[in-house]
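Here the protein sequences line up with chains G and E, keeping their order. Okay, so the first sequence: first residue is 1224 according to this note's numbering, each after it adds one. Okay, so the second sequence: first residue is 1224 according to this note's numbering, each after it adds one. Every residue gets a Cβ at the ideal spot worked out from N, C-alpha and C, and that includes glycine. It should be emphasised that the depicted structure is a prediction, and the values quoted were computed from it without experimental measurement. Here's the structure, in structure tokens; my notes come after.
2 protein chains.
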Amino acid sequence: MKKIAILLENGFEEIEAIIPIDVLRRLDFDIVLAGKNIKITGAHNINIDADCLIDELNADNLDAIILPGGLPGSTNLRDNPKVISLVSEMHKAGKLVSAICAAPIALQKADIMKNKKCTGYPMPMLKDALKDADYTAERVETDGNIITAKGPGASFEFAVAIASYLGKKPQAHTLMKNMFQKI
Amino acid sequence: MKKIAILLENGFEEIEAIIPIDVLRRLDFDIVLAGKNIKITGAHNINIDADCLIDELNADNLDAIILPGGLPGSTNLRDNPKVISLVSEMHKAGKLVSAICAAPIALQKADIMKNKKCTGYPMPMLKDALKDADYTAERVETDGNIITAKGPGASFEFAVAIASYLGKKPQAHTLMKNMFQKI
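Structure follows, in structure tokens:
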């Protein structure tokens, strides 16, 4: 079972965290909620419990990491040296690194975005940070082992892209049919 | 500021709870997370903290209630007499009662659904329960002061319908444009 850690700092955007966790658990991935602390408060004051601490994570034991957006969640991720070293180690090992909304700012800090196709929330702070990257403004973008997505309304597509990258594309599409019930 | 309680039993569907909470807090509604207990575990093992207990709620102080789906969250709501009395009192007072996915089963138990246009997740258990209602299979359905929605993939539309009913339709549509970034 592939193991994915989602990195939660205070101020994380709840929708961008909960949709991937829920969707990827439905698809039988092993999802670990790794928090700055065990008790984490989202950008809209929802308190959730992490399963472990970010400080306890080891890139060797993970297949992918997910960075949700939100402010100040994204800047907190960017400013956490353990997050930056994890992003860097995962990327170097050819494992999946994914970020949504404002969180690609932490990928930039890890110096993995140069000339990479990417997307994110079109706010000046992020676009400035990504000026050496190839910002495409797509809803979801994949370049090698980096997946980025635009904002909360792209969270389902983001989860599907992660699942697809990790080998469960047909299962993810079937799940979306069930969850959306578009007949 | 209009006050909305979202009723959380163990086994609630996280996406169907978190999207309305997040969206409606962004729209400056006063959202109270009311739990069976203060610590509640969702259907996909996400632990969140409630702000108060369902048992502490008083229909006189609320403008609306939201029942998220999920199993066994929905049947737990149905089997909680305090939930059923709240649904009944809110409905009688002409206040908004809303439920998504499997949770309309609790509205049925409160005996408010006869001949009402409604929707919900198309599973036999729910369709059997709603056989005296007018099940339309729409993604979101409004009949008087009852709003129902189909499943997790209809959670954004569900939140928008609630906000619109409570007088913030233009703000909700602007917010969706920002969250979805469809240009």
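Taking all protein chains shown into account, Asp1251/E has fewer than 16 neighbouring C-beta atoms within 10 Å of its C-beta and is therefore exposed. In the DSSP assignment, Thr1365/E falls within the beta strand (DSSP E) that extends over Val1363 to Asp1366.
Contact between the region 1317-1334 of chain E and the region 1276-1290 of chain E is established, with three or more Cβ pairs separated by less than 8 Å.
Thr1371/G and Pro1304/E have their C-alpha atoms some 45 Å from each other. Chain G has a Cβ within less than 8 Å of the Cβ of Phe1403/E.
With contacts defined as CB atoms closer than 8 Å, Lys1373/G and Tyr1344/G qualify as a contacting pair. Distance from Ala1257/G to Leu1231/G at the Cβ level is roughly 7 Å; contact confirmed, criterion being Cβ atoms closer than 8 Å. Per the coordinates, the alpha-carbon of Lys1337/G lies some 13 Å from the alpha-carbon of His1314/G.
According to the DSSP secondary-structure assignment, Ser1297/E is paired through a beta bridge with no residue. Annotated as proximal: Ile1227/E and Asp1253/E, with beta-carbon spacing under 8 Å.
Ala1228/E is bridged by DSSP to Val1255/E and Ile1288/E.
Boundaries of the alpha helix (DSSP H) harbouring Ala1395/E: Lys1392 to Phe1403, taken from the DSSP string. Residues of chain G whose Cβ lies closer than 7 Å to the Cβ of Asp1272/E are, in chain order, Asn1270.
Residue nearest to Leu1280/E within the set His1267/E, Ala1384/E and Ser1308/E is Ser1308/E (criterion: CA-CA distance). Taking C-beta separations shorter than 8 Å and ignoring five residues to either side along the sequence, the partners of Glu1380/G in its chain run Arg1362, Val1363 and Ala1372, following chain order.
Note on geometry: alpha-carbon atoms of Ile1238/E and Glu1237/G lie some 10 Å from one another.
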